[in-house]
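Heads up, the thing below is written out as structure tokens.
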Amino acid sequence: MLLSCFIRLFEINPEGKVPIVKLEEKWIGDSDVITQALEEKYPEPPLATPPEKASVGSKIFSTFIGFLKSKDPSDGTEEALLNELTSFDSYLKDNVSGLVAIVMLHEWFMIVQLFCMSCSISIISAAPFYLSYLHRCSDSCALLHGLFHV
1 MLLSCFIRLF EINPEGKVPI VKLEEKWIGD SDVITQALEE KYPEPPLATP
51 PEKASVGSKI FSTFIGFLKS KDPSDGTEEA LLNELTSFDS YLKDNVSGLV
101 AIVMLHEWFM IVQLFCMSCS ISIISAAPFY LSYLHRCSDS CALLHGLFHV
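So for the sequence shown, the UniProt record's numbering puts the first residue at 1; every next one is plus one.
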């Protein structure tokens, strides 16, 4: 049964990409094209990320990498990382509700938290809202994480 599903997927979409959707008798396997087609067919509510929110959190990973590569504790990379986390935490506090949004960030933040603990950096002071929410929903996060990876 599972093998036949994979065979069918590759017949429909030779690249094997997901997501895939059939719109107007045509299979689409590119998420950008799917989003655009859905936007055109169902304009409300809009699926596109508003420009003012598109860059939220976009510097976290690069500042984290800069911090990891840093050999000088006084070069400002730690402060830059904490500033990005604080900014992101403020955005989450003001704009995000619901468990699914938090689950998407769960693993990455857990890795950052463990690394920061090993370097004696307080991520708690940088992202208190996110971490308190994460701890309150950790059981649900584990459940949802398992469901997302089935």
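Yeah, the Cβ is synthetic: ideal placement off N, Cα and C, and Gly gets one too.
Original post:
What is the rounded straight-line gap between the Cα of K59 and the Cα of P14?
Top reply: Along the sequence shown, read from residue 1 onward, the residue named residue 59 stands at position 59. Along the sequence shown, read from residue 1 onward, the residue named residue 14 stands at position 14. Whole-angstrom Cα-Cα distance: 35 Å.
Three-state secondary structure assigned by DSSP to K71:
Here residue 71 refers to the residue found at position 71 when the sequence shown is read from its first residue. Coil at K71, not helix or strand.
CA-to-CA distance, P46 to F88, given in whole angstroms
Locating residue 88 in the sequence shown gives position 88, counting from the first residue. Locating residue 46 in the sequence shown gives position 46, counting from the first residue. If you take the alpha carbons of F88 and P46, they lie about 23 Å apart.
**Q.** Euclidean distance between Cα positions of F148 and D72
**A.** Counted from its first residue, the sequence shown places residue 148 at position 148. Counted from its first residue, the sequence shown places residue 72 at position 72. Any answer about F148 is weak, because its pLDDT of 44 lies below 50 and its placement is not dependable; what the coordinates show is given next. Whole-angstrom Cα-Cα distance: 39 Å.
For K26, write down the residues that DSSP places opposite it in a beta bridge. Indexing the sequence shown from 1 puts residue 26 at position 26. Answer is L23.
Quick one: what's got a C-beta closer than 6 Å to K17's C-beta in the same chain, skipping five residues either side? On the sequence shown, position 17 is the one that residue 17 refers to. Cβ neighbours of K17 beyond the five flanking positions: G29.
Hey, would you say F67 sits closer than 7 Å to E78, going by beta carbons? Within the sequence shown, the letter at position 67 stands for residue 67. Within the sequence shown, the letter at position 78 stands for residue 78. Yes, Cβ-Cβ distance for F67 and E78 is below 7 Å.
Closest residue to A37 among E44, L23, K53 and P50 (Cα-Cα distance) | In the sequence shown, residue 37 corresponds to position 37, counting from 1. Looking at the Cα atoms, L23 is the closest of the given residues.
Legend entry - Of the listed residues P43, I7 and N95, nearest to E52 (C-alpha basis): Start at 1 with the first residue of the sequence shown, and residue 52 comes out as number 52. The shortest C-alpha separation from E52 is found at N95.
| request: Using beta-carbon positions only, say whether W27 and I7 come within less than 7 Å of one another. | output: Numbered from 1 along the sequence shown, position 27 holds the residue referred to as residue 27. Numbered from 1 along the sequence shown, position 7 holds the residue referred to as residue 7. Result no, Cβ atoms of W27 and I7 do not sit closer than 7 Å.
Using DSSP with H/G/I as helix, E/B as strand and the rest coil, what is T49?
Counted from its first residue, the sequence shown places residue 49 at position 49. Looking at T49 - three-state DSSP - the assignment turns out to be coil, as it is neither helix nor strand.
Notebook entry, point to check: Less than 7 Å separating the beta-carbons of P19 and S4?
Noted result: Reading the sequence shown from its first residue, position 19 is the one you call residue 19. Reading the sequence shown from its first residue, position 4 is the one you call residue 4. The answer is no: Cβ separation not under 7 Å.
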